[in-house]
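A.B. asks: After the structure tokens below, expect a handful of questions from me.
Residue numbers (my numbering), protein chains in the order written: chain D, 5 to 485; chain Y, 578 to 872; chain E, 217 to 689.
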């Protein structure tokens with residue numbers, strides 16, 4: 005980091021701790037997007053023809069689409085032809101153990117606080133690490149295989165489990181779903197695949213760390229998780245990126261499928277580089293995440309803590325198809341500096357007696373703009389469906405904004421929807437009470453804000469909850485006073 | 578310990594304290610009594626540094642330093658504790674966590690070592706028994722869903738854990754049953770010592786039956802109008818505040834009265850009350866609204 | 217989008233003179249050049265921007281296709297002298313609320329049917345556009361052209377372009393009008409000409425206060441399209457209590473907009489009861505422009521077979537220390553479709569904002585639908601804003617409780633629905649305005665609870681308040 009940059013970071017009062025970049029030897033595709041680039045990506049990965057055709061179909065459709073303008077965010081036009089759509093660390097042997105991982109790469113993960121080997125030994129969490137769109141290391145595969153759980157990179161799944169991939173790919177987020185989903189479908193380079201067979205409770209937490217490293221690249225990963233009848237799995241993802249002056253595009257797709265009585269819990273701690281204090285640089289996080297609670301009594305739960313990215317545009321949703329299925333969305337979104345977030349969820353109730361819960365906590369500070377946008381839709385078939393939504397926004401400072409845009413659409417009288425929301429600043433009374441007990445203002449604010457988010461944090465697995473609280477405190481540094 | 582000298586304080590454009598003077602020497606407990614609206618709570622808040630009360634004159638010297646120049650947390654670290662009349666809820670922040678953060682912040686500010694989790698737990702366990710509080714209550718968020726009595730006990734627990742040198746109790750006794758009142762009295766007594774003082778702000782003499790103060794001051798109309806020994810409290814209980822000779826009371830009460838009439842008429846208008854008396858004539862009187870304002 | 221054509225129907229002035237004191241005869245005066253220019257500009261705006269579709273966020277749930285299928289020509293018939301099919305006093309609601317009543321047919325003020333009586337304080341002016349344009353102050357021009365070029369959608373522009381007349385109520389500073397001023401809008405198609413564009417302008421000077429009641433009716437014949445605009449301009453500490461009773465025929469189309477501009481310390485209370493219209497869209501657009509101003513907005517929409525009610529309510533806090541309250545309730549039956557589109561905006565610097573926005577809806581049939589969108593857009597930090605929305609059916613427990621006490625299910629349901637609606641209806645006061653509202657609600661099928669029974673908390677099956685007069689069909 006240059007001296008000037010360091011100074012800026014100090015001025016902003018919040019330093020991005022993951023802003024280093026690592027000198028990995030990287031294999032790039034040429035800049036820009038064309039059918040040739042897609043063919044190149046597909047060939048690099050040795051994909052079957054059906055997948056290449058699938059990508060090309062998505063690409064041709066994408067070309068007919070316009071970038072959406074309805075989100076409550078502002079950014080200059082993205083030059084899609086200046087993006088490198090494929091970048092992979094060059095040394096990419098087939099790994100049989102962690103010892104074979106590129107030492108540079110391992111050093112990078114150590115710096116991120118994710119020592120893969122340590123994590124594997126100590127926490128018993130299986131990790132897939134994705135750098136610049138390519139999965140570089142997956143741990144614990146053998147142990148998971150014993151339980152019948154498949155957890156591997158997407159590319160590997162295409163090679164080893166083509167039927168499963170073909171059956172479920174695009175079944176929740178079709179390639180034509182939206183502009184960014186179509187783009188992802190055309191160029192996705194890797195991601196994570198997870199399959200939990202009938203009746204199996206996945207024996208450990210599964211986790212992917214995503215990292216954008218190379219300059220001028222976008223990251224377009226794809227995650228697909230399938231839980232068969234009676235299966236259950238908890239999956240975590242964490243994201244970081246280096247500090248770079250230019251904006252980096254991250255357009256991922258996540259698809260979840262839960263069959264009868266299956267449960268999928270998906271947690272995200274998103275800390276992509278948010279840009280500097282002037283709003284320069286930072287990741288555009290335009291992501292489509294959706295779960296299909298396909299089976300009766302299935303359950304899909306999203307928990308997200310969004311502290312990073314210059315712009316966030318994502319609505320992890322659940323299509324509640326199976327009778328008695330359950331959808332949940334717990335979210336903390338922080339917009340500090342010049343960050344903009346337009347995020348929320350979509351709960352589409354189709355099956356009978358389906359139930360959804362939405363808890364959204366938004367925090368705006370600095371020049372941050374935070375929009376909750378959520379759709380609760382109850383179709384005529386969703387008799388006895390229920391939703392409860394609670395959206396609270398906290399404003400710290402007079403230059404930020406907090407917006408709440410719920411959409412509630414109900415087509416049957418036995419459905420019940422309740423939506424509540426509040427917007428306020430940190431209470432003077434609470435702040436004074438804490439300060440009277442001797443807690444300095446900044447710490448008191450951070451404590452009150454953490455309390456505000458607690459309902460969401462407690463949905464996270466323990467290590468992530470601690471990480472999330474820490475990230476939140478870092479985001480709020482300098483927000484007070 | 579504490580010297581308040583000709584203290585003037587206001588909120589917005591109205592001055593509430595018109596020159597309060599009193600002194601609390603080391604080791605003494607003083608009571609400040611007074612009728613509603615006399616400025617008692619304002620005094621408590623000014624001592625603790627609450628916005629938006631503005632000090633417009635006078636000084637407050639605590640242990641030889643200017644208390645008014647310090648931030649609220651600095652006052653706390655220096656040993657000034659305010660037991661709130663209405664303890665604040667902080668949703669999502671467990672009481673235990675809050676207490677430990679507060680204690681360690683104060684210790685840090687004083688250059689003392691922070692207390693580890695184990696020692697802290699032991700400390701809380703000892704103290705909470707003194708105020709008769711269940712451990713489970715401390716795992717809940719600060720004052721969140723606490724009953725009135727539980728909140729006041731929580732204030733006293735915090736006082737016992739933070740061990741202030743000057744405790745200011747703002748009507749901590751109001752609305753308490755006899756058991757809780759004893760908890761408050763015992764709490765203050767526990768802390769009593771040659772270098773600790775307390776200022777009890779109260780409307781009633783009730784607390785003073787359990788906790789005999791060294792001095793009693795009567796605050797009325799924003800000034801101390803009388804000071805005396807413990808007998809003064811008994812006298813007030815017998816004769817009430819009405820017998821006090823304080824010209825300063827009058828204008829304040831009057832202005833408060835005007836303000837409240839204004840509030841009432843605002844309420845009438847915003848709910849759009851329409852005169853029921855005019856139904857028979859088949860017209861609806863908007864006059865109700867305008868006379869409401871003028872009244 | 218084809219270019220809009222000006223209506224072919226001639227604008228004929230009615231004969232006769234005003235019977236009420238102070239009512240100006242609406243003359244077919246040559247319009248001043250600024251007004252002609254404004255009309256041309258509004259037409260150009262519609263040509264350039266077209267009509268809104270469901271792709272517009274504010275029109276997401278309301279389709280205009282069936283309205284736009286009708287010719288755009290504006291009706292002009294005005295009343296008694298027009299012969300058969302014209303409006304007569306028997307078409308109007310009885311009794312009159314107070315003394316001042318202004319009757320507007322197809323947007324034109326009809327003096328023969330209007331009375332002002334002697335109760336209006338001196339200085340209060342109620343006049344038609346012809347009178348208003350002649351006033352030297354130029355205030356009418358300023359109000360008329362406030363939106364010029366910046367319309368939220370084509371229907372507002374269309375009112376500027378096409379409004380045949382306007383009713384202008386001018387309350388000088390410190391005037392207190394005791395009697396409610398009633399404005400009855402009647403829509404009556406003449407041949408192919410279906411549209412009317414009523415315009416009402418209320419200007420209240422500092423500390424003036426008044427009550428205003430707008431009643432909308434359509435008379436038998438072909439379905440009409442009402443596109444009304446009411447502008448309310450409140451001066452410092454002025455107060456207006458405003459009611460809208462929308463009881464048009466259920467095959468008509470009703471679009472209305474209330475634009476409010478509130479100066480320092482002023483207060484606006486506006487209450488809507490909507491039962492009519494195949495489409496009924498009741499926009500409210502209030503700017504709290506002066507410090508400490510307050511607005512209370514309440515609405516009850518009873519949406520039945522074949523009906524669609526949309527309630528876009530925009531409240532903008534543009535100054536510090538303002539208060540706003542919104543409470544809208546919907547009762548949707550049959551294949552009705554109810555929409556609440558609340559939007560609260562807090563501008564930067566509007567500190568001390570206190571705002572609450574609530575929408576609750578009852579769905580009473582398998583085919584009924586509700587969409588609700590309570591939006592908060594907040595750009596200042598010292599605020600306390602909250603909103604809530606609920607959609608559901610009658611509480612089965614309450615229903616069971618009533619039935620266990622011997623109330624037959626049908627009545628029990630009716631009683632619960634009435635209880636739900638009561639919270640809004642009681643805000644219509646306790647005098648004749650309340651009775652008008654209750655009659656309208658009863659005609660739409662709502663059983664209106666008696667005041668006595670509600671206040672005592674007793675709920676019995678016998679509390680039916682029979683509506684007088686039928687629903688305008």
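We treat Cβ as the ideally placed atom computed from N, Cα and C, and that holds for glycine.
#1: Quick one: which residues of the stretch 415–435 of chain D get their C-beta closer than 8 angstroms to a C-beta of chain E? List them in chain order.
#2: Look at the alpha carbon of residue 586 of chain Y and the alpha carbon of residue 620 of chain Y, and state the distance between them as a whole number of angstroms.
#3: In chain order, what residues of the same chain have a beta carbon less than 6 angstroms from the beta carbon of residue 626 of chain Y, not counting five sequence neighbours either side?
#4: Could you please give the first and the last residue of the uninterrupted beta strand (DSSP E) stretch that includes residue 658 of chain Y?
#5: So, is the C-beta of residue 669 of chain Y closer than 8 angstroms to a C-beta in chain D?
#6: Who are the Cβ neighbours of residue 127 of chain D in its own chain at under 6 angstroms, not counting the five residues just before and after it?
#7: By the criterion of Cβ-Cβ separation under 7 angstroms, what are the contact partners of residue 692 of chain Y in chain D?
#8: Using a Cβ-Cβ cut-off of 6 angstroms (strictly less than) and excluding sequence neighbours within five positions of residue 347 of chain D, which residues of its own chain qualify?
#9: Using the Cβ count rule (16 or more neighbours within 10 Å means buried), how would you classify residue 724 of chain Y?
#10: Assuming residue 398 of chain E contacts residue 445 of chain E under a Cβ cut-off of 8 angstroms, what Cβ separation, rounded to an integer in Å, is found between them?
#11: In chain order, what residues of the same chain lie with their CB nearer than 6 angstroms to the CB of residue 636 of chain Y, ignoring the 5 residues before and after it?
#12: Please classify residue 478 of chain E as buried or exposed, where buried requires at least 16 other C-beta atoms within 10 Å of its C-beta.
#13: Of all Cβ atoms in chain D, is any one closer than 8 angstroms to the Cβ of residue 588 of chain E?
#14: Okay, do the stretch 690–703 of chain Y and the stretch 660–668 of chain Y touch, 3+ Cβ pairs below 8 angstroms being the bar?
#15: May I ask you to list, following chain order, the residues of the stretch 653–669 of chain Y that have a beta carbon less than 8 angstroms from some beta carbon of chain D?
#16: Hey, out of E:290, E:530, E:574 and E:354, whose CA is closest to residue 563 of chain E's CA?
#17: Taking only beta-carbon atoms, is residue 308 of chain D less than 8 angstroms away from chain Y?
#18: Distance check for residue 273 of chain E and residue 169 of chain D, CA to CA, integer angstroms please.
#19: Enumerate in chain order the residues of its own chain whose CB-to-CB distance from residue 226 of chain D is below 6 angstroms, with the five nearest sequence positions on each side excluded.
#20: Kindly provide the ranges of any alpha helix (DSSP H) runs that are 4 or more residues long and lie completely inside the stretch 591–676 of chain E, ordered along the chain.
#21: For the putative contact between residue 441 of chain E and residue 404 of chain E, defined by C-beta atoms under 8 angstroms, what is the C-beta separation to the nearest angstrom?
#22: Taking Cβ positions, are residue 610 of chain Y and residue 780 of chain Y nearer each other than 8 angstroms?
#23: So, with DSSP's three-state summary, where would you put residue 701 of chain Y?
#24: With a CB to CB cut of under 7 angstroms and the five nearest residues on each side skipped, what residues in its chain are close to residue 479 of chain D?
#25: For residue 422 of chain D, tell me which candidate among D:380, D:397 and D:436 has the shortest Cα-Cα distance.
#26: Taking beta-carbon pairs under 9 angstroms, can you tell me which members of the stretch 357–381 of chain D lie near chain Y?
#27: Listing by chain order, which chain D residues have their CB less than 8 angstroms from the CB of residue 767 of chain Y?
#28: Check residue 549 of chain E in the structure and name its three-state DSSP category.
#29: Assign residue 470 of chain D to buried or exposed, taking buried as 16 or more other Cβ atoms, counted over all protein chains shown, within 10 Å of its Cβ.
#30: Compute the Euclidean distance between the alpha carbons of residue 154 of chain D and residue 350 of chain D, then round it to the nearest angstrom.
#31: Looking at the C-beta of residue 409 of chain D, does it have a partner C-beta in chain E at a distance below 8 angstroms?
#32: Alpha carbon to alpha carbon, how far is residue 303 of chain D from residue 276 of chain E?
#33: On the DSSP bridge list, what partners appear for residue 362 of chain E?
#34: Could you please give the first and the last residue of the uninterrupted alpha helix (DSSP H) stretch that includes residue 738 of chain Y?
#35: Would a C-beta distance cut-off of 8 angstroms place residue 296 of chain D and residue 176 of chain D closer than the cut-off?
#36: Using the three-state DSSP reduction, which class does residue 2 of chain D fall into: helix, strand or coil?
C.D. replies: Here's the rundown:
#1: 415, 416, 417, 418, 419, 420, 421, 422, 423, 424, 425, 426, 427, 428 and 429
#2: Residue 586 of chain Y sits at position 9 when you count from the first residue of the second chain. Residue 620 of chain Y sits at position 43 when you count from the first residue of the second chain. Distance between the alpha carbons of residue 586 of chain Y and residue 620 of chain Y is about 8 angstroms.
#3: The sequence position of residue 626 of chain Y within the second chain is 49, counting from 1. So the list reads 649 and 652, once near-sequence residues are dropped.
#4: Taking the second chain and counting its residues from 1, one reaches residue 658 of chain Y at position 81. Residue 658 of chain Y -> beta strand (DSSP E) spans 657–660.
#5: For the purposes of this step, residue 669 of chain Y is taken as residue 92 along the second chain, with counting starting at 1. Cβ-Cβ to chain D under 8 angstroms: yes for residue 669 of chain Y.
#6: Counting from 1 along the first chain, the entry for residue 127 of chain D is found at position 123. Caution applies to residue 127 of chain D, whose pLDDT of 44 falls short of 50 and renders its modelled position unreliable; the value that the coordinates give is listed next. So no residue of the chain qualifies.
#7: Position 115 of the second chain, counted from the start, is the residue given in the question as residue 692 of chain Y. Simply none; closest approach about 13 angstroms.
#8: Sequence index remark: in the first chain, residue 347 of chain D carries index 343 (1-based). Within the same chain, residue 347 of chain D has close Cβ partners 316, 318 and 337.
#9: Taking the second chain and counting its residues from 1, one reaches residue 724 of chain Y at position 147. With fewer than 16 Cβ atoms within 10 Å of its Cβ, residue 724 of chain Y is classed as exposed.
#10: Within the third chain, residue 398 of chain E is the residue found at index 182, counting from 1. Within the third chain, residue 445 of chain E is the residue found at index 229, counting from 1. Not a contact, Cβ separation roughly 18 angstroms.
#11: By 1-based counting over the second chain, the position of residue 636 of chain Y is 59. Hits under 6 angstroms: 582.
#12: In the third chain, residue 478 of chain E corresponds to position 262, counting from 1. Label assigned to residue 478 of chain E: buried.
#13: The residue you call residue 588 of chain E lines up with position 372 of the third chain. Chain D contact via Cβ: present.
#14: no
#15: 653, 654, 658, 659, 661, 664, 665, 666, 667, 668 and 669
#16: By one-based count along the third chain, residue 563 of chain E stands at place 347. The candidate whose alpha carbon is nearest that of residue 563 of chain E is E:530.
#17: Position 304 of the first chain, counted from the first residue, corresponds to residue 308 of chain D. False, the Cβ-Cβ gap to chain Y never drops below 8 angstroms.
#18: Looking up residue 169 of chain D in the first chain gives position 165. Looking up residue 273 of chain E in the third chain gives position 57. Spanning the two alpha carbons is a distance of roughly 38 angstroms.
#19: Residue 226 of chain D sits at position 222 when you count from the first residue of the first chain. 158, 192, 195 and 257, listed in sequence order.
#20: 612–620, 625–641, 648–659 and 667–672
#21: Here residue 441 of chain E corresponds to residue number 225 of the third chain, with the count starting at 1. Here residue 404 of chain E corresponds to residue number 188 of the third chain, with the count starting at 1. Not a contact, Cβ separation roughly 12 angstroms.
#22: Residue 610 of chain Y sits at position 33 when you count from the first residue of the second chain. Residue 780 of chain Y sits at position 203 when you count from the first residue of the second chain. Yes, these two residues count as a Cβ contact at 8 angstroms.
#23: Translated into the one-based positions of the second chain, residue 701 of chain Y becomes position 124. Three-state result, residue 701 of chain Y: helix.
#24: Residue mapping note: residue 479 of chain D aligns to position 475 of the first chain, counting from 1. Hits under 7 angstroms: 18, 311, 338 and 340.
#25: As a first step, residue 422 of chain D is located in the first chain; it is residue number 418 there, counting from the start. Checking every option, the nearest Cα to that of residue 422 of chain D belongs to D:380.
#26: none
#27: Locating residue 767 of chain Y in the second chain gives position 190, where the first residue counts as 1. In chain order: nothing, as chain D lies at least about 19 angstroms away.
#28: Indexing the third chain from 1 puts residue 549 of chain E at position 333. Residue state, collapsed to three classes: coil.
#29: Reading the first chain from its first residue, position 466 is the one you call residue 470 of chain D. Exposed, by the Cβ-count rule.
#30: Position 150 of the first chain, counted from the start, is the residue given in the question as residue 154 of chain D. Position 346 of the first chain, counted from the start, is the residue given in the question as residue 350 of chain D. Each residue's Cα considered, the two are about 28 angstroms apart.
#31: Residue mapping note: residue 409 of chain D aligns to position 405 of the first chain, counting from 1. At least one chain E Cβ lies under 8 angstroms of residue 409 of chain D.
#32: If you number the first chain from 1, residue 303 of chain D lands on position 299. If you number the third chain from 1, residue 276 of chain E lands on position 60. Between residue 303 of chain D and residue 276 of chain E, the C-alpha separation is close to 31 angstroms.
#33: Along the third chain, one-based indexing puts residue 362 of chain E at 146. None; residue 362 of chain E has no bridge partner.
#34: Start at 1 with the first residue of the second chain, and residue 738 of chain Y comes out as number 161. Run containing residue 738 of chain Y: 725–739, per the alpha helix (DSSP H) assignment.
#35: Locating residue 296 of chain D in the first chain gives position 292, where the first residue counts as 1. Locating residue 176 of chain D in the first chain gives position 172, where the first residue counts as 1. Cβ distance < 8 angstroms, so residue 296 of chain D and residue 176 of chain D count as in contact.
#36: Past the edges of chain D, shown from 5 to 485, lies residue 2 of chain D, and the structure says nothing about it.
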